[in-house]
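Taking it in order: structure first as structure tokens, then the write-up.
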Amino acid sequence: SKKNIKNINILVISLAIKKNNPEIVHSKKNNIKIYKRSQILSLLMNFKESIAVSGTHGKTTTTSLISSILEYANFDPTTIIGGIVNAYKGTTRIGKSKWIVVEADESDGSLSTLFPKIGVITNINKEHMDFYKSVDKLQNYFLKFIKNISFDGLAVLCNDNSGVKKLIKKITNKNFITYGFFKDSDIQASNIFFNKTFSCFDVKIKKNFLFKKEIIKGIKLNMLGRHNILNCLAAISVAKILNIKTKKIKNAFKQFQGIQRRFTLVDTINGVKIYDDYAHHPEEIKSTLDLVKILKPKHTIVVFQPHRYSRFGFLYNNFKRILKNCDKLIVADVYPAGEKKVNYLSKEKFVKDINKIKKNLAIPLNKKSDLPKIIKDNTKFGDLVIFLGAGDISKWAYDLPLQIKRKK
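Take the sequence shown: its letters are residues 4 to 411, numbered as in the numbering used here.
Right, here's the structure in full:
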């Protein structure tokens with residue numbers, strides 16, 4: 004609403020906002036300057052010592068972990084993130100120091116307009132191909148991001164991701180460090196242990212041009228999943244570059260409160276746990292389903308809302324390959340996010356194709372109001388239901404317990 008933008012001098016927008024948005028329309032009519040998010044980020048970073056985190060997945064969690072460590076170590080950073088951080092109750096932390104930590108969006112190539120001191124790449128997978136068109140072009144944007152790092156800065160790169168490994172071969176200087184599970188990583192996780200509430204692992208730091216050899220024992224994190232350990236390794240890498248003491252890193256992780264919509268427990272109804280998760284890319288969904296296995300539910304029921312026709316079509320077979328691994332799949336209509344409808348990319352077709360692989364695995368969700376009955380008919384005590392998607396499916400997850408309780 005135009006009521007939201009009274010008495011402003013500039014309007015900052017993300018590219019996800021449609022041109023007919025009333026706030027954009029009002030700003031244009033009244034000659035209010037409009038800037039892209041990336042333009043403002045770039046401007047802010049010019050006045051600060053900046054850390055930028057990019058990648059196909061894991062950006063929000065990694066950025067938040069880095070910010071938490073810096074905050075705990077009294078760096079007092081300004082932080083700008085793409086998701087809601089529980090500790091901040093929002094997407095932003097305003098600090099008073101010279102440091103800024105930002106999540107660098109790769110969806111539109113704007114990461115290549117940023118010039119950080121430390122640049123982190125969590126992974127590079129096929130994503131946003133409606134913009135990039137080819138994997139080579141996607142790689143080139145990340146390479147530009149690396150080249151933009153200041154001469155006295157460093158890149159922090161995930162050694163476990165094939166896309167990042169291809170990128171490393173193209174980097175002409177040696178101003179980077181790697182992290183991951185592989186032994187040739189500069190910062191490597193080992194002795195990994197999960198229980199139902201936390202992860203625990205050790206870290207081996209190799210001697211190189213920057214670090215002394217070090218072993219950090221017993222890092223504890225209130226999150227599960229190997230993907231979250233990789234996010235932690237990225238944050239540890241940045242902390243070690245900044246000479247932050249190990250004790251402060253460990254304490255920051257212990258106090259980390261997480262991100263909204265990252266495997267968030269919504270409620271437990273009749274012994275059935277209900278979770279909400281932002282995963283909307285096959286690799287993200289795989290990581291989430293791997294995480295679910297740690298909890299060992301009797302059955303895993305997935306409610307899946309595909310996000311964008313372009314993504315669903317380009318990665319269609321990948322979605323089939325990953326989602327066939329749950330015990331029951333409930334498929335909703337595609338959330339278009341502003342894209343035009345593609346009739347052949349329907350929930351009915353996807354259900355049919357999944358059921359060819361695994362008989363009676365998937366069912367279509369014809370109406371949201373059908374969901375309570377479908378869940379009730381397909382769950383028993385000890386099962387787990389997880390809502391997956393980047394659209395409005397999160398609201399469904401939170402509505403479901405209320406709907407079930409009302410129908411009792």
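Where a beta carbon is used, it is the ideal one built from N, C-alpha and C, also for glycine.
Could you tell me which residues DSSP pairs with Q191 in its beta bridges? As a working mapping, residue 191 is identified with position 188 in the sequence shown. Per DSSP, G183 and K207.
Looking at C-beta atoms only, is the number of pairs between the region 128-140 and the region 153-163 that lie closer than 8 angstroms three or more? no
Determine the burial state of V185: buried for a count of at least 16 other Cβ atoms within 10 Å of its Cβ, exposed for fewer. By 1-based counting over the sequence shown, the position of residue 185 is 182. With the sequence shown as reference, residue 185 is identified as Phe, and Val is not the correct amino acid for it. Classification of F185: exposed, given that the 10 Å Cβ count is below 16.
Contact set for T249: own chain, Cβ-Cβ below 7 angstroms, skip 5 residues either direction: Mapped onto the sequence shown, residue 249 falls at position 246. The answer, listed in chain order, is I219.
Any idea what DSSP makes of R311, helix, strand or coil? In the sequence shown, residue 311 corresponds to position 308, counting from 1. Here R311 sits in coil by DSSP.
If you run the structure through DSSP and keep just helix, strand and coil, what is D280? The count along the sequence shown starts at 1 and reaches residue 280 at position 277. Strand at D280.
What is the C-beta distance between S313 and E342, in whole angstroms, given that I count them as a contact (C-beta under 8 angstroms)? Position 310 of the sequence shown, counted from the first residue, corresponds to residue 313. Position 339 of the sequence shown, counted from the first residue, corresponds to residue 342. Sure, about 6 angstroms apart at Cβ, within 8 angstroms.
Quick one: measure Cβ to Cβ for I222 and K251, integer angstroms, because I've assumed they're closer than 8 angstroms. For this step, residue 222 is matched to residue 219 along the sequence shown. For this step, residue 251 is matched to residue 248 along the sequence shown. Going by Cβ atoms, the distance from I222 to K251 rounds to 12 angstroms, so no, they are not a contact pair.
What first and last residue would you give for the alpha helix (DSSP H) that runs through F145? If you number the sequence shown from 1, residue 145 lands on position 142. Start and end: V138 to K150.
Counting Cβ pairs closer than 8 angstroms, one from the region 307-325 and one from the region 393-402, do we hit at least three? yes
Residues bridged to C161 by DSSP? On the sequence shown, position 158 is the one that residue 161 refers to. Paired residue(s): Y182.
For G86, which of helix, strand or coil comes out of DSSP? On the sequence shown, position 83 is the one that residue 86 refers to. Residue state, collapsed to three classes: strand.
If you draw a straight line from the alpha carbon of K140 to that of G274, how long is it in whole angstroms? In the sequence shown, the residue the question calls residue 140 occupies position 137. In the sequence shown, the residue the question calls residue 274 occupies position 271. The straight-line gap from Cα to Cα measures roughly 48 angstroms.
Assuming I239 and L170 make a contact with CB atoms under 8 angstroms, what is their CB distance in whole Å? Taking the first residue of the sequence shown as position 1, residue 239 is located at position 236. Taking the first residue of the sequence shown as position 1, residue 170 is located at position 167. I239 to L170, Cβ: 21 angstroms. No contact.
How would you call N231, buried or exposed, if buried means at least 16 neighbouring beta carbons within 10 angstroms? As a working mapping, residue 231 is identified with position 228 in the sequence shown. Its Cβ being crowded by 16 or more others within 10 Å, N231 is buried.
Considering Cα atoms alone, identify which of K172, I84 and N89 is closest to T95. On the sequence shown, position 92 is the one that residue 95 refers to. The candidate whose alpha carbon is nearest that of T95 is I84.
At least three beta-carbon pairs within less than 8 angstroms, the region 70-81 to the region 134-153: no
At least 3 beta-carbon pairs within less than 8 angstroms: the region 15-29 vs the region 90-106: no
Measuring only the C-alpha atoms, how far is T303 from K289? By 1-based counting over the sequence shown, the position of residue 303 is 300. By 1-based counting over the sequence shown, the position of residue 289 is 286. If you take the alpha carbons of T303 and K289, they lie about 13 angstroms apart.
Would you mind listing the alpha helix (DSSP H) stretches within the region 208-276 that are 4+ residues and don't spill past its ends, in chain order? 229-244 and 249-257
Who pairs with E26 in a beta bridge, going by DSSP? Position 23 of the sequence shown, counted from the first residue, corresponds to residue 26. Beta-bridge pairing links E26 to no other residue.
Which one or two residues does DSSP pair with W102 in a beta bridge? Position 99 of the sequence shown, counted from the start, is the residue given in the question as residue 102. Paired residues: E52.
Where does R40 land, buried or exposed, given buried means 16+ other C-beta within 10 angstroms? Position 37 of the sequence shown, counted from the first residue, corresponds to residue 40. R40 is buried by the Cβ-count criterion.
Give a yes or no on contact between the region 357-371 and the region 321-338, applying the rule of three or more CB pairs nearer than 8 angstroms. yes
With T125 and K62 assumed to form a contact (beta carbons below 8 angstroms), what rounded beta-carbon distance in angstroms separates them? What you label residue 125 is simply residue 122 of the sequence shown in a count that begins at 1. What you label residue 62 is simply residue 59 of the sequence shown in a count that begins at 1. Going by Cβ atoms, the distance from T125 to K62 rounds to 6 angstroms, so yes, they are a contact pair.
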